[in-house]
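Everything below concerns the one structure shown next.
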Amino acid sequence: MASPKPILITGATGNQGSAVIAALHAEDASRSEKKFLLLAVTRNVSSPSAQKLEKQYPGLHLVQGDLNAIPEIFNEAEKVLEQSGNATTKIWGVYSVQISMGAGVTFESEVAQGKNLINESIARGVKHLVYSSVDRGGDKSSWDVETPIPHFQSKHRIEHHLRDTAGAKGAKMSWTVLRPVAFMENLVPGMPTKVFLAAMRDTMREKPNEWVSVVDIGRFAQKAFAAPTDPRYFCTAIGIAGSKLTFAELDATFKKATGSAAPATYWVLGSVLMRLVKEVNLMVTWFATDGYGVDVEDLNSKEGVMNFETWLRERSAFVEREE
930 MASPKPILIT GATGNQGSAV IAALHAEDAS RSEKKFLLLA VTRNVSSPSA QKLEKQYPGL
990 HLVQGDLNAI PEIFNEAEKV LEQSGNATTK IWGVYSVQIS MGAGVTFESE VAQGKNLINE
1050 SIARGVKHLV YSSVDRGGDK SSWDVETPIP HFQSKHRIEH HLRDTAGAKG AKMSWTVLRP
1110 VAFMENLVPG MPTKVFLAAM RDTMREKPNE WVSVVDIGRF AQKAFAAPTD PRYFCTAIGI
1170 AGSKLTFAEL DATFKKATGS AAPATYWVLG SVLMRLVKEV NLMVTWFATD GYGVDVEDLN
1230 SKEGVMNFET WLRERSAFVE REE
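If you want it as structure tokens, here you go:
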């Protein structure tokens, strides 16, 4: 019986990391033989979110660590593997995601964390790394296009470091870059969403925007780890989107799924957001002038990615569901 392959998952308590854990755990649960051993990196293993994760996914191991100290994360993960009695203490796979915005986060810190995790993964003999980036106009264009948006530019730099350092053909480590579009999960009941949607509505007008659920980020990461030599995932980048909607179409989808219009507030509040928050202004303006470039229809025909209506009905907080 083969020993399960240890996968180190950063951002474990966040939307993306937890989606990756859910997808990997679900796939393993359907097998008679466990394929992966999940190592969830969190800054505080005693936090309620970390403890909830551990209870929710039997067999998952928490690893305390800070992405500003990557070698220490690997050291701690190896200790956890040794204590668990696993046959190997070598990390086989890494899921890499960094925080882009928020208190204490800078462009430089995100780039450094992403690059250092790649470097340490290669040094430790990791076999496959999945990096969560962002689409910047399509699979081919994204390699060349930085966009004016700082938290898109940072990912462009990390992508190139991964390809250049690990090798375009995986000479030092094989890899997959996932390029999701705007997260459906960022839309939640409350004023911030109302103001953001107002800014999008009045800036983009008839221009469609692309949306994805983090569920599908988890699914694609699971597929890449399960079949790292498959040409669909081996040393390549994949754009991920489930729906492409104008604001009018978004509004109609909200009405159909929830019975209420899309929660966008008065234009003046959206205008204030665009004036006061430079990064949001840059991003929404880019949505209107350029925008994401995933071929949604083609991807859906091949992969069955979750669309916006399904997300609203099955996963969003805009619909009350029985527990």
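The opening position of the sequence shown corresponds to residue 930 in the numbering used here, with each subsequent residue numbered one higher. The beta-carbon is built from N, C-alpha and C at its ideal position, and this holds for glycine as well.
C-alpha gap between residue i and residue j, whole angstroms
i            : j            : result
residue 1189 : residue 994  : 43 Å
residue 1139 : residue 1225 : 8 Å
residue 1042 : residue 1060 : 12 Å
residue 1217 : residue 1004 : 45 Å
residue 1115 : residue 1193 : 14 Å
residue 1222 : residue 1014 : 46 Å
residue 999  : residue 1039 : 13 Å
residue 1202 : residue 1092 : 36 Å
residue 947  : residue 1147 : 8 Å
residue 1031 : residue 1055 : 30 Å
residue 1007 : residue 1104 : 21 Å
residue 1086 : residue 1236 : 30 Å
residue 977  : residue 1080 : 28 Å
residue 1157 : residue 1099 : 11 Å
Helix, strand or coil at residue i [DSSP, three-state]
i            : result
residue 934  : strand
residue 987  : coil
residue 1177 : helix
residue 1062 : coil
residue 1146 : helix
residue 1247 : coil
residue 941  : coil
residue 1192 : coil
residue 1109 : strand
residue 1169 : strand
residue 1117 : coil
residue 1124 : helix
residue 974  : coil
Start and end residues, alpha helix (DSSP H) containing residue i
i            : result
residue 1022 : Per DSSP, residue 1022 belongs to no alpha helix (DSSP H); it is in the beta strand (DSSP E), 1022-1025.
residue 1199 : 1196-1205
residue 1043 : 1036-1052
residue 1227 : 1225-1232
residue 1002 : 999-1013
residue 1073 : 1070-1073
residue 1019 : Here residue 1019 belongs to no alpha helix (DSSP H), and DSSP marks it neither H nor E.
Beta strand (DSSP E) segment containing residue i, residue limits
i            : result
residue 1138 : 1138-1141
residue 1163 : Run containing residue 1163: none; DSSP gives neither H nor E here.
residue 969  : 965-971
Residues that residue i bridges to, as DSSP identifies them
i            : result
residue 1104 : 1058
Beta-carbon proximity list for residue i, same chain, < 8 Å, skipping 5 on both sides
i            : result
residue 1258 : Beyond the ends of the chain as shown, which are 930 and 1252, falls residue 1258; an answer cannot be given.
residue 1112 : 944, 1140, 1141, 1142, 1143
Own chain, CB closer than 7 Å to residue i, minus 5 neighbours either side, in chain order
i            : result
residue 1185 : 1238
residue 1070 : 1222
residue 1002 : 970, 992, 994
residue 1126 : 1191, 1192, 1193
Same chain, Cβ closer than 6 Å to residue i, five either side skipped, listed in chain order
i            : result
residue 1175 : 1135, 1137
residue 1151 : 952, 953, 956
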